[in-house]
Structure formats: C-alpha cells, structure tokens
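Q: Please see the structure below; I have some questions.
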Amino acid sequence: MGNDTDRQQLTRLLRAWSAGEPPAAEAVLEIVYDRVRQLAANKLRANPANGIEPTELANELVINLLEAHVDWVDRVHFFRTVAVAMRNLLCDMGRKQLAAKHGGGQLRVTFRAAESEPAPDFGVAESLHEALLELRANDPRKADVVELSYLVGLEHEEVAKVLGVSLATVNRDLRFARAFLRDRMQS
C-alpha cells in the first residue's frame with residue numbers, strides 16, 4: 012500500500028467487491044491479509060487475549076468481512092471498518108471466554124490447573140471499546156483519528172491526508188483523545 016497507484020487499485024477493487032464481483036473480494040483479501048494479520052498481532056500484543064492467536068483473529072475477521080455486505084467507499088473506509096470490527100471481535104471473544112470460564116463451557120478443570128493459567132483482562136478491552144464509542148458520539152473526527160492512528164496503524168501525516176485536516180489538527184485531536192480515553196477508562 013505504499014504508493015498512490017496501489018491505493019487507487021485497492022479502492023477500485025473495493026468498489027468492485029461492493030458491486031458483487033467475487034473475484035474482487037478475493038483480490039482485496041490477497042492484498043490486505045498481511046496488513047490485517049499485522050494489525051491483529053499489534054492489537055493482541057497491546058492487549059493480550061488468552062489463547063487467541065493473531066492468525067485466528069485475522070481469519071475470523073476476514074470471514075466476517077466476507078459475510079458482510081458493505082458498500083466500500085475507499086481503502087480508508089475499509090481499514091476503519093477492519094479496526095472497529097477487530098475491536099468488536101476481541102470484545103466478543105473475551106465475553107465468550109469469560110462465559111466459558113464461569114461455567115458456559117462446562118469443562119472440568121482442577122484448581123491447580125486454574126491457578127497456573129493467568130486470567131485474561133478483557134475488562135480493559137471492554138472499557139476502551141465503551142470509551143471509543145463515547146468519543147465517537149461526542150466527536151466523530153477525534154474517534155476517526157484514534158482509530159486510523161492506533162488501530163489501522165497510519166502515520167499522523169497519512170491520517171491528516173485521509174481526513175483532509177492539518178497535521179497540527181491530528182496532533183491536537185490525539186492529545187485530546189488520549190486524555191479523554193484515559194479519563195473514561197480510569198473512572
């Protein structure tokens with residue numbers, strides 16, 4: 012995704028996918044899968060989820076994307092959707108693991124085995140998810156800046172270009188968003 016030609020090609024393929032051309036969906040996934048897997052690895056490194064591998068998260072996300080019927084606008088819309096879907100998927104996986112931990116899976120585990128397994132902290136992911144939803148409700152652009160910077164992994168200059176704002180605006184939005192998210196997650 013380094014140059015404008017690659018970006019334009021991806022946008023064309025996304026629009027073809029939206030128009031119902033199955034080969035376009037396959038071509039998009041070939042182009043973006045490594046990036047999606049890297050985003051999953053980064054996300055899991057920042058907030059490790061017990062037993063979830065980056066490939067598993069990326070594959071589940073790809074399946075969800077293939078089943079969704081989205082009218083893709085461009086690559087930014089695609090990667091923003093990927094970021095939000097990944098966050099939602101992690102929260103769902105966390106809820107399922109917590110439900111299984113509290114008897115949902117009915118797997119018999121000895122106390123000794125349970126003590127040796129560190130409990131995953133899905134509360135942080137859930138808190139972040141809720142805080143981002145609140146930020147989006149209050150200021151959608153600031154939420155976009157956070158998602159494009161941290162979840163999609165765009166450089167600040169790229170975020171500014173994508174959103175049509177100055178680099179200074181992106182930096183201000185990130186400072187505000189960090190403070191906002193920190194405040195919401197601590198309360």
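If you use the working numbering, the sequence shown corresponds to residues 12 to 198, in order.
The C-beta atom is built at its ideal place from N, Cα and C for all residues, glycine as well.
1) Can you give the Cα-Cα distance for E166 and R183, rounded to whole angstroms?
2) DSSP on V47, reduced to helix/strand/coil?
3) State whether the segment 77 to 92 contacts the segment 21 to 29, with contact taken as three or more CB pairs (one from each stretch) at a distance under 8 Å.
4) Look at R176 and S160 and say whether their C-beta atoms are less than 7 Å apart.
5) Looking at the secondary structure, which residues open and close the alpha helix (DSSP H) in which I74 lies?
6) Whole angstroms is fine: what's the gap from D103's alpha carbon to A190's?
7) DSSP on E32, reduced to helix/strand/coil?
8) Short check: CB of A94 to CB of L68, under 7 Å?
9) Secondary structure at G175, three-state DSSP: helix, strand or coil?
10) Less than 7 Å between the C-beta atoms of V157 and A179, yes or no?
11) Which class does L139 belong to by DSSP, given the choice of helix, strand or coil?
12) Apply the 10 Å Cβ neighbour rule to A30 and answer buried if 16 or more other Cβ atoms are within range, or exposed otherwise.
13) Can you tell me whether D45 is buried or exposed? The criterion is at least 16 other CB atoms within 10 Å of its CB, across all chains shown.
14) If you compare alpha carbons, which of N53, V73, D150 is closest to I42?
15) Ignore the nearest five residues each way along the sequence and tell me which others in N75's own chain have a CB closer than 8 Å to its CB.
16) If contacts are defined as beta-carbon pairs under 8 Å, then D155 and R56 qualify, I think. What distance do you get, rounded to the angstrom?
17) Cutting at 7 Å between CB atoms, please list the residues of its own chain near K153, excluding the five before and the five after it.
18) Which same chain residues end up closer than 6 Å to V163 when comparing Cβ atoms and leaving out the 5 residues on each side of it in sequence?
A: On the basis of the data shown:
1) 15 Å
2) helix
3) yes
4) Residue identity check: residue 176 is Val in the sequence provided, not Arg. Cβ atoms of V176 and S160: not closer than 7 Å.
5) 65 to 78
6) 26 Å
7) coil
8) no
9) coil
10) no
11) helix
12) exposed
13) exposed
14) V73
15) A96, L100
16) Not confirmed; about 23 Å, so no contact.
17) L146, D184, F187, A188
18) F90, A94
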